[in-house]
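Structure, as structure tokens:
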Amino acid sequence: MQLLTRSLPVSKGLRSSGLEPQVPASPVFDNDLRTALRHAVRRHEIGEDTPYKLSFAEKGRSGASFGFMQGDLGQNQPEVKAAFRRALVAHNVAEEKISSLMQSLSAPVARNPLSEADTKLVNNALDAPEGHLLVDAMDEQAARQVRRRGKCVR
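In this note's numbering, the protein residues as written are 1033 to 1186.
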């Protein structure tokens, strides 16, 4: 398969050295690049693990995280808190319980502060079909912010 490219305007020095940059002429390349970047970030952040469960950085001022972009409940990330809350609501978790879980997981934590039952409750909500949609949307929003700003979002 041959990739169609177009030349970018470059300085005379680059052209004469044979280092003329090439840009794909097809928007498909942009989608492939985004897919590759998503895969690389996912592998770096969570390896082969699922993004649909809680994880704990066990360092710094991080709260519980989830998603391949590692949305951190302990940081000022409203989209992360909204996705978490909505996944639990969709899983029929009572508002009082959600508030309690949010409080426990939004503080800096060195390890999982939840009971085994509460951990299972949260992970089941994140791993449910509605949870997948919410986590994926949160991850996509974070990925767009990184692409737009060219840096990680804190």
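We treat Cβ as the ideally placed atom computed from N, Cα and C, and that holds for glycine.
- Using a Cβ distance threshold of 8 angstroms, E1162 and A1126 do not count as a contacting pair.
- Within 10 angstroms of the beta-carbon of P1140 lie fewer than 16 other beta-carbons, which makes it exposed.
- Relative to the Cα of K1091, the nearest Cα in the group A1149, N1156 and N1144 belongs to N1144.
- From the listed residues R1180, Q1102 and S1094, the smallest Cα separation to T1082 is found for Q1102.
- Excluding five sequence positions before and after I1130, the CB atoms of its chain that fall closer than 8 angstroms to its own CB belong to R1117, L1120 and V1121, given in chain order.
- M1134 and S1094 have their C-alpha atoms spaced approximately 13 angstroms apart.
- The beta carbon of Q1173 sits closer than 7 angstroms to those of E1111, all from its chain and outside the five residues before and after it, given in chain order.
- Rounded to whole angstroms, L1166 and L1105 show a C-alpha spacing of 15 angstroms.
- For A1160, same chain residues with a beta-carbon under 8 angstroms away, outside a window of 5 residues either side, are A1119, A1122 and H1123 in chain order.
- Residue pairing by DSSP places G1103 opposite F1098 in a beta bridge.
- Judged by beta-carbon spacing, A1096 lies beyond the 8 angstroms limit of L1158, meaning their Cβ atoms are not closer than that value.
- Q1109 and L1086 have their alpha carbons spaced roughly 16 angstroms apart.
- Boundaries of the alpha helix (DSSP H) around T1151: E1148 to D1159.
- Just so you know, the alpha carbons of Q1107 and A1149 end up roughly 25 angstroms apart.
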